[in-house]
Amino acid sequence: MLSTAARGLRRSASLLTSGGEMVVMAMSHMTNTRLKKCLVLALLIPCVIYVISMQGPGLVGHYEPWTAITLPRPKAHIHKHFWRARDQELYIYSAIANPHYPVSREVNIVFTVMDQARSSSLDCCILLDNRTVFVTPARKYFYYRSIDFPVVADVDEYLHPDDYLARQYTCAIPETGHRIHHATLTSSYCSSDPRDYVPVLYPERVPGGLAVCGKVAYGGQLDPEKLIEWFEVQRLLGVDKVLIYNLNNPENVLRVFRHYVNTGFLDLQPYELPGRPYNRTMNDKGMYQFHHDESLAVLECRQRMGGYTYVMSHDLDEFIIPRADMGLKPFFQVGLSSQAWWGEGWGGHGPQALLPGEDAAAPGQCGLLLLRRVLRVRLGSDQPRGGHDADALPACHPASRGTTHSIFPMAHYST
């Protein structure tokens, strides 16, 4: 009887042992299978991300019927030169078409805005005719930030929730052969009020042309005689067009502006400071908001002057002069390639360099001479679109050694 019990115990132990081995083998097989799947996913995910990134933003959108209905608007939302999005605290200065970038073979609309809402989801509403609107997601084009490090910049913006940020959004629209005339941004639905839509501008194409962005001229800060000198030097250097944003300038300055507008040399755009506080000025350069109020014009100028092959941006107390006996266009045609580029100097209150420039070259070794009426100011440069390398031209600063202007190719602005 004991022998029978012992045999039963041995049989049970054998079964338990074999069952345990089977469980271990099954678990080992499951572990190996799971590990293989993880390895496959680890290899596939980067490949998928790479393929998507190489393809760029795709065209996504749908058509909706549209009927014009005038809706009431609060007086506080009415501005002369900005359009306020109806459903959020976002002010649109312009919507400018670019047929080449960021989506090729489509019409790209770049919105330059003052954004307090900071919505993570925006749609573009594109009026195609009086009965149809095309709705497509808006994508980030460029966010102006005064700090290079993304995490620190995020914290900095979080600590200033009431300020309006200079930003650009873009959306792609199917090419139908017809010009798009009006568009807007929304975080909910497309407005039925035609007053909520911004006119879409198409930059004039000037192959081989050179334009200068003079930024914001404001509040009687300019000496008319020195301003005339600045314009005449730009003409001698071969500049074809100057773009300046006018903010509350006195009559003696406006008289100078009108003269150069009448000659076709100056494009003078009206400017204002939208949002709260409603009566702020640009006199307090220490304010966080000041940097965005000033930089919005620089960002907008990039799009408005996008039809020129060469575009520079610097203050109205600066001159960029080749040391060689030639104008600016021949100098850049020799020093660079024929591709379009953007050259920029932000002065003492612009963003720090996202792409580093070169230190000032020693006298006699530099190709450009940068003259400023206000000396000993650190110069910086900023490039809004990734994927472009900087061709740093040696430049001289007469009073100090520091970061100089840099030259950035803008191949997508084909002319």
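Just so we're aligned, residue 874 is where the sequence shown starts under the working numbering, counting upward by one. From the three backbone atoms N, C-alpha and C, an ideal C-beta is built for every residue, glycine too.
Would you kindly check if the distance between the Cβ of SER967 and the Cβ of LEU1074 is under 8 angstroms? For the purposes of this step, residue 1074 is taken as the residue at position 201 of the sequence shown. For the purposes of this step, residue 967 is taken as the residue at position 94 of the sequence shown. Yes.
Note down the Cα distance separating SER1064 from PHE1104, rounded to an integer number of angstroms. The residue you call residue 1064 lines up with position 191 of the sequence shown. The residue you call residue 1104 lines up with position 231 of the sequence shown. In a straight line, the C-alpha of SER1064 is about 43 angstroms away from that of PHE1104.
Strictly by DSSP, which residues pair up with TRP956? Here residue 956 refers to the residue found at position 83 when the sequence shown is read from its first residue. Looking at the DSSP assignment, TRP956 forms a beta bridge with ILE965.
Runs of alpha helix (DSSP H) wholly within the region 1030-1112 (minimum 4 residues, chain order): 1097-1109
Can you look up PHE1138 in the DSSP assignment and give me helix, strand or coil? Translated into positions along the sequence shown, residue 1138 becomes position 265. In this structure, PHE1138 counts as coil in the three-state DSSP scheme.
Local Cβ density within 10 Å of GLU1173, reported as buried at 16 or more and exposed below that: Position 300 of the sequence shown holds residue 1173. Result: buried.
Is the distance from the Cβ of TRP939 to the Cβ of LEU1032 below 8 angstroms? In the sequence shown, counting from the first residue as 1, residue 939 sits at position 66. In the sequence shown, counting from the first residue as 1, residue 1032 sits at position 159. Against a cut-off of 8 angstroms, the Cβ pair of LEU1032 and TRP939 comes out as no contact.
C-beta contact flag for LEU1083 and LEU1201 at 8 angstroms: On the sequence shown, position 210 is the one that residue 1083 refers to. On the sequence shown, position 328 is the one that residue 1201 refers to. Taking 8 angstroms as the Cβ cut-off, LEU1083 and LEU1201 qualify as a contacting pair.
Output the distance between the C-alpha atoms of TYR1183 and PRO1203, rounded to the nearest integer angstrom. Residue 1183 sits at position 310 when you count from the first residue of the sequence shown. Residue 1203 sits at position 330 when you count from the first residue of the sequence shown. Cα-Cα distance, rounded: 11 angstroms.
Could you tell me the boundaries of the beta strand (DSSP E) in which GLU1191 lies? Residue 1191 sits at position 318 when you count from the first residue of the sequence shown. From DSSP, the beta strand (DSSP E) with GLU1191 extends over 1191-1195.
Looking at the unbroken alpha helix (DSSP H) that takes in VAL1171, where does it start and where does it end? The residue given as residue 1171 occupies position 298 in the sequence shown. Counting along the chain, the alpha helix (DSSP H) containing VAL1171 begins and ends at 1161-1177.
Burial state of ASP1069, where buried means 16 or more other Cβ atoms lie within 10 Å: Numbered from 1 along the sequence shown, position 196 holds the residue referred to as residue 1069. With 16 or more other Cβ atoms within 10 Å, it is buried.
For THR1005, which residues of its own chain have a beta-carbon under 8 angstroms away from its beta-carbon, when the five flanking residues on both sides are left out? Numbered from its first residue, the sequence shown carries residue 1005 at position 132. Same-chain partners within the cutoff: TYR936, GLU937, PRO938, TRP939.
Between which residues of its own chain and TYR1133 is the CB-CB distance below 6 angstroms, once the five residues before and five after are set aside? Within the sequence shown, the letter at position 260 stands for residue 1133. Taken in chain order, the residues that qualify are PHE1104, LEU1139.
Tell me, which residues are paired with ARG1012 by DSSP? For the purposes of this step, residue 1012 is taken as the residue at position 139 of the sequence shown. Paired residue(s): THR1043.
Nearest-angstrom Cβ-Cβ length linking VAL1008 and ILE1053, presumed shorter than 8 angstroms: Within the sequence shown, residue 1008 is the residue found at index 135, counting from 1. Within the sequence shown, residue 1053 is the residue found at index 180, counting from 1. The pair is not a contact, with the Cβ atoms about 13 angstroms apart (cut-off 8 angstroms).
Assign PRO1123 to one of three DSSP states: helix, strand, or coil. Walking along the sequence shown from the start, residue 1123 turns up at place 250. In the structure shown, PRO1123 sits in coil (DSSP, three-state: anything other than H, G, I, E or B).
Inter-residue CB distance, THR985 and GLN1162 (contact presumed, cutoff 8 angstroms): Position 112 of the sequence shown, counted from the first residue, corresponds to residue 985. Position 289 of the sequence shown, counted from the first residue, corresponds to residue 1162. With 8 angstroms as the limit, THR985 and GLN1162 do not qualify as a contact, their Cβ atoms being about 16 angstroms apart.
Quick check on the burial criterion: 16 or more other C-beta atoms within 10 angstroms. Buried or exposed for LEU944? For the purposes of this step, residue 944 is taken as residue 71 along the sequence shown, with counting starting at 1. LEU944 is exposed by the Cβ-count criterion.
What span of residues does the beta strand (DSSP E) with VAL983 cover, start to end? Translated into the one-based positions of the sequence shown, residue 983 becomes position 110. It spans 980-988 - the beta strand (DSSP E) in which VAL983 sits, taken as one unbroken run.
Under the three-state DSSP convention, the category LEU1000 falls into: Here the question's residue 1000 lines up with position 127 in the sequence shown. Here LEU1000 sits in strand by DSSP.
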